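Asker: Okay, here's the structure, questions in a sec.
Protein chains: 2
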Amino acid sequence: MAAQRGEGDGVVTRPGETGPEAPADVRERARAIPEAAVARLAVYLRVLSGMVEQGVTTISSEELAGAAGVNSAKLRKDLSYIGSYGTRGVGYDVEVLVSHIERILGLTRKHSVAVVGIGNLGHALANYGGFPSRGFPVAALFDIDPDLTGVPVGGIPVDHIDDITSVCAEREVSIGVIATPPQAAQAVCDRLVSAGVQCILNFAPVVLQVPDYVEVRKVDLAVEMQILSFHVARRADEAAGDVVNGIGVDGVVIRP
Amino acid sequence: MAAQRGEGDGVVTRPGETGPEAPADVRERARAIPEAAVARLAVYLRVLSGMVEQGVTTISSEELAGAAGVNSAKLRKDLSYIGSYGTRGVGYDVEVLVSHIERILGLTRKHSVAVVGIGNLGHALANYGGFPSRGFPVAALFDIDPDLTGVPVGGIPVDHIDDITSVCAEREVSIGVIATPPQAAQAVCDRLVSAGVQCILNFAPVVLQVPDYVEVRKVDLAVEMQILSFHVARRADEAAGDVVNGIGVDGVVIRP
DNA sequence: GATTGTGAAACAGTTCACAGCT
DNA sequence: AGCTGTGAACTGTTTCACAATC
Chain A
1 MAAQRGEGDG VVTRPGETGP EAPADVRERA RAIPEAAVAR LAVYLRVLSG
51 MVEQGVTTIS SEELAGAAGV NSAKLRKDLS YIGSYGTRGV GYDVEVLVSH
101 IERILGLTRK HSVAVVGIGN LGHALANYGG FPSRGFPVAA LFDIDPDLTG
151 VPVGGIPVDH IDDITSVCAE REVSIGVIAT PPQAAQAVCD RLVSAGVQCI
201 LNFAPVVLQV PDYVEVRKVD LAVEMQILSF HVARRADEAA GDVVNGIGVD
251 GVVIRP
Chain B
1 MAAQRGEGDG VVTRPGETGP EAPADVRERA RAIPEAAVAR LAVYLRVLSG
51 MVEQGVTTIS SEELAGAAGV NSAKLRKDLS YIGSYGTRGV GYDVEVLVSH
101 IERILGLTRK HSVAVVGIGN LGHALANYGG FPSRGFPVAA LFDIDPDLTG
151 VPVGGIPVDH IDDITSVCAE REVSIGVIAT PPQAAQAVCD RLVSAGVQCI
201 LNFAPVVLQV PDYVEVRKVD LAVEMQILSF HVARRADEAA GDVVNGIGVD
251 GVVIRP
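Protein chains in written order, with UniProt numbering: chain A, 1 to 256; chain B, 1 to 256.
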């Protein structure tokens, strides 16, 4: 069993030794894509999709980087991981880049999503238009409350949680979203995993234990809030004029 | 203007030069807390709070690390950043650790939250019990739809977005949550910033441009989905038996 | 002239491994 | 004997800066 990846940690792929007998063009692009870069590629993709709609056909690393909120060196490095083909002196062809990133992120294939826990958040997720439009159709909804089963939410009828295995198999669910209360999360997770779901997005404030081959991403609102709180506190220290040698209260070093 | 922090990047604090005239006990703890460690401290805090409820009084780094899904060396390093006092041969006193982490995260002070955009997600956030119970009372709700203003959601009446400045000042809002459609997000963000809000949690799939002194965290569901998709794709390559020298399709290096 | 692609340097974060304390 | 705290080694990420290319 392994716990899920936290934010920004872990490695996606290994800096591999390329075997001497690998063909040159494969070896050319044979490198790992850092996890951090994968997350940014998704952001670049969104920005680029917006560009396509505006009829932009070519973009420089500087422009794209600005729109994505990163610096241009990082952008170029990220694109180099996917073996991108820009044109020196000109920039990148927007459409080429879009389809390239889509391919790398596996978006050429549809990924059916199941949402478990149809409370406030589950409702919001079931109705969220951003999923289906981006190749992530919500194919199933589950709840433990028998009063909810059969009732359609966002056009999809809710199934009972006991039917997870059969329904997930039938509808080829590849991503499970856990939006249950924390007490139920681990049990739901275990069921999803035994139903063959290998990717989980967890909104419950719980550290899920899963087998190594299952990928978990978590969205933890309380943690986000507390990180912001930390920054408020840091700022308050600063404002209090309690800064000597760059050391605030508690001996925490802060920005000058 | 600076774009917001992405996941896992950036540094909270600087590895500071401690001035030679700083008192020894301050210098002792004078070190930066990495952003990644701050996020984990929030997780440790949640696990520890659960321990307190179960009546656990002492815990070893090994146990806490297991429950938090990290390894024990990382846990101990994280705790060392906050100058923790464990007892060698024994472990940590749970209550001492809880109050220590709370202080570092600035949770001894209340942080009022304003949610902007009362759609599906906004409703869910307004009703989410996890915020108030953790010291983040939802003090204001805003929407641009005049039909919503005055209507209470989760016990709080919705105000019109034009009143952001006065309402935020009056209710001492320190954290703004953006749950609007993407088109509206930047404008809402600008208004929050001019209302004096310096911490923003953004759910809109947009890269916000903010002044340097404003801290932005983002929760981007599409990006999370696409990261999971990337892992599905990697796995599919693997399963396809298309692995030679650890190189999958597209020349991306994968785990053996 | 402009812009990409990328080694190399710098930096940040994680893990190791063990000294030091209870 | 057991467990923490931490310097040192390592791994991953970002930035620099410039040769290569159009």
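No residue lacks a Cβ here, since even glycine has one placed at the ideal position from N, Cα and C.
Here the structure is a predicted model, which means the values were calculated and not measured.
So which residues on chain A does Cys-199/B lean against when the C-beta distance must stay under 7 Å?
Answerer: Locating residue 199/B in the second sequence gives position 199, counting from the first residue. Within chain A, the residues near Cys-199/B are Leu-228, His-231, Val-232.
Asker: Find the nearest neighbour of Ala-42/B within the set Leu-208/A, His-231/A, Glu-35/A, Glu-224/A, judged by alpha-carbon distance.
Answerer: Translated into positions along the second sequence, residue 42/B becomes position 42. Comparing Cα positions, the closest option is Glu-224/A.
Asker: Return the chain-ordered list of same chain residues with a C-beta closer than 7 Å to the C-beta of Ala-195/A, the five sequence neighbours on each side being excluded.
Answerer: Locating residue 195/A in the first sequence gives position 195, where the first residue counts as 1. These residues qualify, in order along the chain: Ile-164, Thr-165, Cys-168, Ala-169.
Asker: Any idea if Ile-82/B is buried or exposed, counting beta-carbon neighbours within 10 angstroms, 16 or more meaning buried?
Answerer: By 1-based counting over the second sequence, the position of residue 82/B is 82. Per the 10 Å Cβ criterion, buried.
Asker: Just checking: is the beta-carbon of Arg-235/B within a distance shorter than 8 Å of some beta-carbon in chain A?
Answerer: Along the second sequence, one-based indexing puts residue 235/B at 235. Yes, contact with chain A.
Asker: Could you check the C-alpha separation between residue 258/A and Pro-146/A for me, to the nearest Å?
Answerer: One cannot answer for residue 258/A here, as it falls past the ends of chain A, which runs 1 to 256.
Asker: Is the shortest distance between the beta-carbon of Phe-136/A and the beta-carbons of chain B less than 8 Å?
Answerer: As a first step, residue 136/A must be located in the first sequence, where it is residue number 136. Cβ-Cβ to chain B under 8 Å: yes for Phe-136/A.
Asker: Alpha carbon to alpha carbon, how far is Ile-101/A from Ser-99/B?
Answerer: Here residue 101/A is taken as the residue at index 101 of the first sequence, counted from 1. Here residue 99/B is taken as the residue at index 99 of the second sequence, counted from 1. Going from the Cα of Ile-101/A to the Cα of Ser-99/B covers about 45 Å.
Asker: When the distance is taken between beta carbons, is Asp-143/B closer than 8 Å to Gly-117/B?
Answerer: Position 117 of the second sequence holds residue 117/B. Position 143 of the second sequence holds residue 143/B. In contact: Gly-117/B and Asp-143/B (Cβ atoms closer than 8 Å).
Asker: Compare the beta carbon distance of Phe-131/B and Val-151/B with 8 Å and say whether it is the shorter of the two.
Answerer: Here residue 131/B refers to the residue found at position 131 of the second sequence. Here residue 151/B refers to the residue found at position 151 of the second sequence. Against a cut-off of 8 Å, the Cβ pair of Val-151/B and Phe-131/B comes out as no contact.
Asker: Unbroken beta strand (DSSP E) runs of length 3 or more, entirely within the segment 149–229 of chain A: which are they?
Answerer: Correct list: 156–160, 173–178, 199–202, 215–218.
Asker: Given 8 Å as the limit, is there contact between the segment 115–129 of chain A and the segment 119–137 of chain B, that is, 3 or more CB pairs closer than that?
Answerer: Judged by Cβ distances under 8 Å, the segment 115–129 of chain A makes contact with the segment 119–137 of chain B, as three or more pairs qualify.
Asker: Can you check whether the C-beta of Gly-251/B is within less than 8 Å of a C-beta belonging to chain A?
Answerer: The residue labelled residue 251/B in the question sits at position 251 within the second sequence. Its pLDDT being 44, under 50, Gly-251/B is placed unreliably in this model, and the value from its coordinates should be taken loosely. Chain A, which has a Cβ nearer than 8 Å to the Cβ of Gly-251/B, makes this yes.
Asker: Measure the alpha-carbon distance for Ala-39/A versus His-231/B and round it to whole angstroms.
Answerer: Translated into the one-based positions of the first sequence, residue 39/A becomes position 39. Translated into the one-based positions of the second sequence, residue 231/B becomes position 231. Cα to Cα, Ala-39/A sits roughly 12 Å from His-231/B.
Asker: Can you confirm whether Gly-86/A, when its beta carbon is compared against all beta carbons of chain B, has any partner nearer than 8 Å?
Answerer: For the purposes of this step, residue 86/A is taken as residue 86 along the first sequence, with counting starting at 1. No, Gly-86/A does not count as interfacial toward chain B.
Asker: Could you give the DSSP three-state label for Val-26/A: helix, strand or coil?
Answerer: Counting from 1 along the first sequence, the entry for residue 26/A is found at position 26. Confidence is the limiting factor: at Val-26/A the pLDDT is only 36, short of 50, which leaves the residue's position unreliable, though a coordinate-based value still follows. Residue state, collapsed to three classes: helix.
Asker: Name the residue from Ile-178/A, Val-90/A, Pro-182/A whose alpha carbon lies nearest to the alpha carbon of Val-47/B.
Answerer: The residue you call residue 47/B lines up with position 47 of the second sequence. Of the listed residues, the one whose Cα sits closest to Val-47/B is Pro-182/A.
Asker: Where does the unbroken alpha helix (DSSP H) through Ala-65/A begin, and where does it stop?
Answerer: The residue given as residue 65/A occupies position 65 in the first sequence. Looking at the DSSP string, the run of the alpha helix (DSSP H) that includes Ala-65/A is 61–68.
Asker: Thinking just about the alpha-carbon of each residue, which of Arg-217/B, Gln-226/B, Arg-191/B is nearest to the one in Leu-201/A?
Answerer: Counting from 1 along the first sequence, the entry for residue 201/A is found at position 201. It is Gln-226/B whose Cα lies nearest to the Cα of Leu-201/A.
Asker: Helix, strand or coil: which one does DSSP assign to Leu-48/A?
Answerer: Mapped onto the first sequence, residue 48/A falls at position 48. Note: Leu-48/A maps to helix in three-state DSSP.
Asker: For Ala-185/A, collect the residues of the same chain with a Cβ closer than 8 Å to its Cβ; drop the 5 residues on either side in sequence, then sort them by chain order.
Answerer: As a first step, residue 185/A is located in the first sequence; it is residue number 185 there, counting from the start. Excluding residues within five positions, the ones whose Cβ falls inside 8 Å are Ile-178, Asn-202, Ala-204, Val-206, Leu-208.
Asker: Between which two residues does the alpha helix (DSSP H) holding Val-94/B run?
Answerer: Numbered from its first residue, the second sequence carries residue 94/B at position 94. From DSSP, the alpha helix (DSSP H) with Val-94/B extends over 94–104.
Asker: What does a CB cutoff of less than 7 Å around Arg-171/B pick up in its chain, not counting 5 residues either side in sequence?
Answerer: Here residue 171/B corresponds to residue number 171 of the second sequence, with the count starting at 1. The answer, listed in chain order, is Ser-112, Ala-139, Ala-140.
Asker: Please tell me whether Leu-107/B has its Cβ less than 8 Å away from any Cβ of chain A.
Answerer: Within the second sequence, residue 107/B is the residue found at index 107, counting from 1. Yes, its Cβ sits closer than 8 Å to a Cβ of chain A.
Asker: Which residues in chain B sit within 8 Å of Arg-217/A, going by Cβ to Cβ distance?
Answerer: Locating residue 217/A in the first sequence gives position 217, where the first residue counts as 1. Neighbours of Arg-217/A on chain B, chain order: Glu-224, Ile-227, Leu-228.
Asker: DSSP has Phe-142/B in a bridge; who is on the other side?
Answerer: For the purposes of this step, residue 142/B is taken as the residue at position 142 of the second sequence. DSSP lists Val-116/B, Asp-159/B as partners of Phe-142/B.
Asker: Could you tell me the distance, in whole angstroms, from the CA atom of Ala-233/B to the CA atom of Glu-35/A?
Answerer: By one-based count along the second sequence, residue 233/B stands at place 233. By one-based count along the first sequence, residue 35/A stands at place 35. Cα to Cα, Ala-233/B sits roughly 14 Å from Glu-35/A.
Asker: Return the chain-ordered list of same chain residues with a C-beta closer than 7 Å to the C-beta of Thr-87/A, the five sequence neighbours on each side being excluded.
Answerer: Numbered from its first residue, the first sequence carries residue 87/A at position 87. Same-chain partners within the cutoff: there are none.
Asker: How long is the line joining the alpha carbons of Thr-57/B and Val-70/B, rounded to whole angstroms?
Answerer: In the second sequence, the residue the question calls residue 57/B occupies position 57. In the second sequence, the residue the question calls residue 70/B occupies position 70. Using only the alpha carbons, I get a separation of about 21 Å.
Asker: Could you run through the segment 164–188 of chain A and flag, in chain order, every residue whose CB is less than 7 Å away from some CB of chain B?
Answerer: Per Cβ criterion, the list reads Ser-174, Ile-175.
Asker: Can you check whether the C-beta of Ala-24/B is within less than 8 Å of a C-beta belonging to chain A?
Answerer: In the second sequence, residue 24/B corresponds to position 24, counting from 1. Confidence is the limiting factor: at Ala-24/B the pLDDT is only 35, short of 50, which leaves the residue's position unreliable and the question unanswerable from this model.
Asker: State yes or no: is the C-beta of Val-197/B within less than 8 Å of the C-beta of Val-173/B?
Answerer: For the purposes of this step, residue 197/B is identified with residue 197 of the second sequence, where counting begins at 1. For the purposes of this step, residue 173/B is identified with residue 173 of the second sequence, where counting begins at 1. Closer than 8 Å, so yes.
Asker: Is there a C-beta anywhere in chain B that falls below 8 Å from the one on Leu-221/A?
Answerer: For this step, residue 221/A is matched to residue 221 along the first sequence. Taking Cβ atoms only, chain B reaches closer than 8 Å to Leu-221/A, which makes this a yes.
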